[in-house]
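In my numbering, the protein residues as written are 1 to 502.
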């Protein structure tokens with residue numbers, strides 16, 4: 001609205017008629033038939049339809065119209081589904097359906113990812129509530145924006161790039177909170193992955209010593225993570241359809257393709273949990289029972305949401321359950337026992353599979369005169385970028401260069417480019433893919449000195465340490481949190497504790 005205190009909701013009516021004053025139910029993005037908590041009832045305020053740059057107020061709006069709705073924005077963050085709250089609704093064929101059986105529309109999908117993040121805080125600490133209210137409002141205004149609070153208490157804003165975040169901060173300061181806000185230097189989100197199979201079978205016992213899980217981790221085949229994220233394959237499919245997909249596209253064997261339990265950290269997450277146990281060794285009936293399976297899946301998704309290296313999401317990893325000893329009595333295999341144990345064994349198998357950090361890479365397209373091409377190469381080379389295409393634009397004196405550049409080194413790239421080309425080069429960039437950072441993040445022989453540029457092979461260690469410091473974690477990964485005593489003894493016997501502080 002003009003006073004920046006509330007929002008009008010823009011939506012399309014798919015069936016029925018929306019009336020001013022009507023009682024409706026707002027179904028959020030997380031609403032499901034099994035978990036209907038993300039819903040909210042309210043009354044519709046005024047209604048408008050757009051006519052060029054003007055809007056016309058109406059009392060009722062029929063199906064097929066785009067409408068601006070007042071009074072329903074309280075519970076909507078990005079997108080939602082609005083249904084009549086009378087208890088019965090009609091679908092597009094005019095068949096009456098109970099409101100409790102209604103599914104939501106699919107949330108919006110975008111072709112890019114928010115990987116640049118900044119930490120914000122008010123100059124005057126007493127104005128923190130104003131800033132939090134402003135963050136909630138700006139989160140509604142920008143579809144690709146994400147806000148969260150780190151464990152250290154930092155308020156984080158994630159966006160797609162410098163200009164995007166600059167617009168966000170302008171609106172946050174001038175429109176939504178009207179206070180002075182300090183901003184930290186921009187950083188990027190990382191991902192954690194593995195490049196080998198776990199060197200040992202990792203096991204963990206529940207706190208009551210009644211259950212034991214054994215697991216290994218290994219890299220996913222190339223292309224699977226992207227297929228899951230783009231919903232080429234979905235965990236909601238039936239077992240046969242999922243099995244056929246992985247057999248035909250990635251040549252998985254029939255046993256592995258039929259043993260997929262979950263994707264993580266969510267239904268479109270780029271990690272897979274497999275049940276690789278054998279029926280003559282494990283009580284499959286107990287292991288696949290709903291409470292046990294659900295608890296193990298939740299532990300796996302918790303682990304992949306916050307990896308052990310620096311609390312960043314895990315990516316491109318396949319976790320296999322090799323063995324499971326589950327107590328018969330339900331009281332001994334409750335959620336409080338299995339969820340943290342599944343997380344711990346996922347972490348331990350991950351750490352023994354040669355873990356690596358992944359960083360986001362941007363695709364950059366630069367258009368510049370022919371005499372500026374060498375300067376573009378120089379600027380890209382200083383930022384670990386590399387050119388993939390260099391071609392003249394037919395019928396003009398311009399050249400087009402296509403390149404990839406790490407997002408963490410893209411801050412100020414456009415300004416640097418214009419400086420070196422006297423303002424003659426123009427660039428556009430967008431997130432493209434994830435790539436492994438050179439070096440071993442757990443190599444303790446690398447010493448990170450302040451205000452000193454690091455060699456390329458030291459970058460993974462530097463990124464991990466600085467990320468952990470920023471989040472208030474210890475500098476190194478301590479294995480005491482992730483390995484049981486019997487597992488530590490086995491590791492010591494196999495002499496694989498070299499890089500892990502105890």
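Just so you know, even glycine gets a beta-carbon here, dropped at the ideal spot from N, CA and C.
{"Query": "What are the start and end residues of the alpha helix (DSSP H) that includes residue 248?", "Result": "239 to 250"}
{"Query": "The ligand GDP and residue 184: does the residue's C-beta get closer than 8 Å to at least one heavy atom of that ligand?", "Result": "In the structure shown, the ligand GDP is absent, as is every other ligand, since no ligand is present at all."}
{"Query": "What do you reckon, are the CB atoms on residue 447 and residue 403 nearer than 9 Å?", "Result": "no"}
{"Query": "Measure the C-alpha to C-alpha separation of residue 127 and residue 134 and round it to an integer number of angstroms.", "Result": "11 Å"}
{"Query": "For residue 567 and residue 279, which I take to be in contact (beta-carbon distance under 8 Å), what is that distance rounded to the nearest angstrom?", "Result": "The requested residue 567 does not occur in the structure, where the chain is confined to residues 1 to 502."}
{"Query": "Compare the Cα-Cα distances from residue 46 to each of 293, 201, 70, 3 and report the closest residue.", "Result": "70"}
{"Query": "Leaving aside the five residues before and after residue 150 along the sequence, list all residues of the same chain whose C-beta is less than 7 Å from its C-beta, in chain order.", "Result": "156, 471"}
{"Query": "Quick check: the Cα distance between residue 51 and residue 60, rounded to an integer number of angstroms?", "Result": "16 Å"}
{"Query": "Using a Cβ-Cβ cutoff of less than 6 Å, which residues in the same chain neighbour residue 428 once the five nearest sequence positions on both sides are dropped?", "Result": "365"}
{"Query": "Counting only the same chain and skipping the five closest in sequence on each side, list residues whose C-beta sits under 7 Å from that of residue 229.", "Result": "268, 270"}
{"Query": "Would you call residue 207 buried or exposed, if buried means 16 or more other Cβ atoms sit within 10 Å of its Cβ?", "Result": "exposed"}
{"Query": "Can you give, in chain order, each stretch of the beta strand (DSSP E) that sits fully within the stretch 150 to 201 and has at least 3 residues?", "Result": "155 to 159, 181 to 183, 191 to 194"}
{"Query": "Can you name the start and end residues of the alpha helix (DSSP H) that residue 304 belongs to?", "Result": "290 to 305"}
{"Query": "Taking the alpha helix (DSSP H) that residue 336 falls in, what are its first and last residues?", "Result": "335 to 351"}
{"Query": "Starting from residue 254, trace the alpha helix (DSSP H) both ways and give me its first and last residue.", "Result": "254 to 257"}
{"Query": "Express the C-alpha separation of residue 120 and residue 179 in angstroms, rounding to a whole number.", "Result": "12 Å"}
{"Query": "Classify residue 123 as buried or exposed, calling it buried when 16 or more other Cβ atoms lie within 10 Å of its own Cβ.", "Result": "exposed"}
{"Query": "Could you tell me the alpha carbon to alpha carbon distance between residue 385 and residue 395, rounded to whole angstroms?", "Result": "28 Å"}
{"Query": "According to DSSP, is residue 452 helix, strand or coil?", "Result": "coil"}
{"Query": "Taking the alpha-carbon positions, what's the residue 339 to residue 318 distance?", "Result": "18 Å"}
{"Query": "Exposed or buried, residue 211, counting other C-beta atoms within 10 Å across all chains shown (16 or more means buried)?", "Result": "buried"}
{"Query": "Which of the three DSSP states, helix, strand or coil, is assigned to residue 323?", "Result": "strand"}
{"Query": "Beta-carbon within less than 8 Å of residue 4's beta-carbon, same chain only, minus the 5 sequence neighbours each way: which residues are those?", "Result": "137, 175, 176"}
{"Query": "Output the residue ranges of the alpha helix (DSSP H) runs that lie fully inside the stretch 416 to 448 and measure 4 residues or longer, sorted by chain position.", "Result": "none"}
{"Query": "Are residue 26 and residue 81 closer than 9 Å when you measure CB to CB?", "Result": "yes"}
{"Query": "Could you give the first and the last residue of the continuous alpha helix (DSSP H) run that contains residue 222?", "Result": "Careful: residue 222 lies outside any alpha helix (DSSP H) and carries neither H nor E."}
{"Query": "Residue 356 and residue 193 look like a contact to me (Cβ under 8 Å); what is the Cβ gap, rounded to whole Å?", "Result": "5 Å"}
{"Query": "Counting only beta-carbon atoms, is residue 158 nearer than 9 Å to chain B?", "Result": "Among the protein chains of the structure shown there is no chain B, as only one such chain exists."}
{"Query": "Within its chain, find whatever has a CB closer than 6 Å to the CB of residue 30; leave out the 5 residues flanking it on each side and keep chain order.", "Result": "38"}
{"Query": "Skipping 5 residues on each side, what residues in its chain have a beta carbon closer than 6 Å to that of residue 114?", "Result": "144, 146, 158, 159, 160"}
{"Query": "Use the C-beta contact count for residue 501: other C-beta atoms within 10 angstroms, 16 or more gives buried, fewer gives exposed.", "Result": "Any answer about residue 501 is weak, because its pLDDT of 49 lies below 50 and its placement is not dependable; what the coordinates show is given next. The residue is exposed, with fewer than 16 neighbouring Cβ atoms inside 10 Å."}
{"Query": "Where does residue 362 sit, in a helix, a strand or coil, going by DSSP?", "Result": "strand"}
{"Query": "Residue 503: which of 148, 401, 324, 458 sits nearest, CA to CA?", "Result": "Only positions 1 to 502 of the chain appear in this structure, which leaves residue 503 out of reach."}
{"Query": "Mind checking which residues open and close the beta strand (DSSP E) that includes residue 138?", "Result": "Element bounds for residue 138: not the beta strand (DSSP E) but the alpha helix (DSSP H), 128 to 141."}
{"Query": "Going by beta carbon distance, what residues of the same chain come within less than 8 Å of residue 84, once the five residues before and after it are set aside?", "Result": "16, 22, 23, 24, 25, 99"}
{"Query": "Whole-angstrom Cβ separation of residue 434 and residue 360, contact assumed at under 8 Å?", "Result": "6 Å"}
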